[in-house]
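For reference, the structure discussed in these notes is given below.
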Amino acid sequence: MAKKEKEAEVDEEQESEETAKKSGGLSTIKIIIIAVTLTLLLGGGLVAGTIYFVTSMNPEPAPATKDAADKSEDDDEDEAENSEEEAAEDKTTEPPQYYSMDPKFVVSFSNQKYARFMQFSLEIMSRDGEIIKKVEEHIPVIRSSLLMLFGGQTYDEMVTREGKEKLLNEVTIDINAVLEKITGDSAGVEAAYFTSFVVQ
Numbered sequence: 004m005a006k007k008e009k010e011a012e013v014d015e016e017q018e019s020e021e022t023a024k025k026s027g028g029l030s031t032i033k034i035i036i037i038a039v040t041l042t043l044l045l046g047g048g049l050v051a052g053t054i055y056f057v058t059s060m061n062p063e064p065a066p067a068t069k070d071a072a073d074k075s076e077d078d079d080e081d082e083a084e085n086s087e088e089e090a091a092e093d094k095t096t097e098p099p100q101y102y103s104m105d106p107k108f109v110v111s112f113s114n115q116k117y118a119r120f121m122q123f124s125l126e127i128m129s130r131d132g133e134i135i136k137k138v139e140e141h142i143p144v145i146r147s148s149l150l151m152l153f154g155g156q157t158y159d160e161m162v163t164r165e166g167k168e169k170l171l172n173e174v175t176i177d178i179n180a181v182l183e184k185i186t187g188d189s190a191g192v193e194a195a196y197f198t199s200f201v202v203q
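The opening residue of the sequence shown carries number 4 in the working numbering; numbering runs sequentially from there.
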C-alpha cells in the first residue's frame, strides 16, 4: 500500500507538472503571438509612415519611359509658364516696401517776382524688393532726372492739392522710365509719397 501511495503521489506530481507545463506553455504561446502581432503592426506603421513622408517630399515620380519623359517636359514648360504668372500675381499681394529718397529735395521756382522755393522729402513704394535695390543702386541718375522734373514746376501748381498729386504721378512715371532705360525693368515703382512738403 505504501508503494501504491507513493506511485499515486508521483503520478499526481507528474500530472501537476504536465498541467503546469501546458498552462505555462499556453501562456508563453500567447505572449509570442502577441509579440509577433505587435511587431508586424509596428513594422507596417513604420513602412506606411516612411512611404507617406517620402512621397510628400517628392510628389512627382520619375518618368518610366521616353513618352513619359516627353510628357513630363511639356508639363514642366506649362508649370514654368504658370509659375511666372503666379509670380506676377504674388508681387501684387506682397507687402509694400518703401524707400526714402534722402536728402530732401530743394527746388527754386523760375519766372517769379519773388524768390520762391519748395523743399520736400520723398518716398517711393514698390512690392518688389529687387526694384527697391535697383533704385538704391541708381539713385544719382534718378535724383538728377527728378530735379529736372521739379525745376519745371510752378509755384501756383505746387500750392494746390491737384498740383502735388500730379507731381507725385509724374515722379512715379519718371523713376520707372529711368529704371527701364538703365536696367530694362519698368513699372516697378507703384507710387511716390511726400513725407514733408514746404513751399515758400
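Here a beta-carbon is modelled for each residue, glycine too, at the ideal position from N, C-alpha and C.
Report the rounded CA-to-CA distance for residue 139 versus residue 170, giving the unit in angstroms. Our two residues, residue 139 and residue 170, have alpha carbons roughly 21 Å apart in a direct line.
Taking the C-alpha atoms as reference points, what is the distance between residue 203 and residue 124? If I take the Cα positions, the gap works out to 15 Å.
Cβ neighbours of residue 194 in the same chain (closer than 8 Å, five flanking residues each side left out): Leaving aside the five residues that flank residue 194 on each side, the residues in its chain whose CB is nearer than 8 Å to its CB run, in chain order, 127, 128, 171, 175.
Give, in chain order, every unbroken run of the alpha helix (DSSP H) that is at least 4 residues long and sits entirely within the segment 130–186. Taken in chain order, the whole alpha helix (DSSP H) runs of length 4 or more contained in the segment 130–186 are 132–140, 142–154, 158–161, 164–186.
For residue 135, I'd like the list of residues in its chain whose CB is within less than 6 Å of its CB, leaving aside the five on either flank, ordered along the chain. So the list reads 100, 102, 129, once near-sequence residues are dropped.
Where does residue 189 fall in DSSP's three states? Three-state result, residue 189: coil.
Return the CA-CA distance between residue 52 and residue 131, expressed in angstroms with no decimal places. The alpha-carbon atoms of residue 52 and residue 131 are separated by roughly 40 Å.
Can you check which of these residues, 184, 112, 121, is closest to residue 155 by C-alpha distance? Taking only the C-alpha atoms, the option nearest residue 155 is 112.
Roughly how far, in whole angstroms, is the beta-carbon of residue 121 from the beta-carbon of residue 161, given that I think they are within contact range, below 8 Å? A Cβ-Cβ distance of about 6 Å is found for the pair residue 121 and residue 161, placing them in contact under the 8 Å criterion.
Boundaries (first-last residue) of the beta strand (DSSP E) holding residue 195: Where residue 195 is concerned, the enclosing beta strand (DSSP E) stretches over 194–202.
For residue 179 and residue 191, believed in contact at Cβ under 8 Å, the rounded distance: At roughly 7 Å, the Cβ-Cβ gap stays under 8 Å, so residue 191 and residue 179 are in contact.
Give the secondary structure of residue 55 by DSSP, where H, G and I count as helix, E and B as strand, and everything else as coil. Secondary structure of residue 55 (DSSP, three-state): helix.
Taking the alpha-carbon positions, what's the residue 184 to residue 142 distance? Going by C-alpha positions, residue 184 is about 14 Å away from residue 142.
Roughly how many angstroms lie between the CA atoms of residue 137 and residue 147, to the nearest whole one? For residue 137 and residue 147, the distance between alpha carbons rounds to 16 Å.
Using DSSP with H/G/I as helix, E/B as strand and the rest coil, what is residue 113? Look at residue 113 here: in three-state DSSP terms it is coil, with no helix or strand label.
Leaving out five residues on either side along the sequence, give the residues of the same chain with a beta carbon under 7 Å from the beta carbon of residue 166. Within the same chain, residue 166 has close Cβ partners 160.
Buried/exposed call for residue 177, threshold 16 Cβ in 10 Å: Answer is buried; the Cβ neighbour count reaches 16.
Measuring straight from C-alpha to C-alpha, what distance separates residue 43 and residue 50? Residue 43 and residue 50 have their C-alpha atoms spaced approximately 10 Å apart.
Under the DSSP definition of a beta bridge, which residues are partnered with residue 128? Residue 128 is bridged by DSSP to 101, 194.
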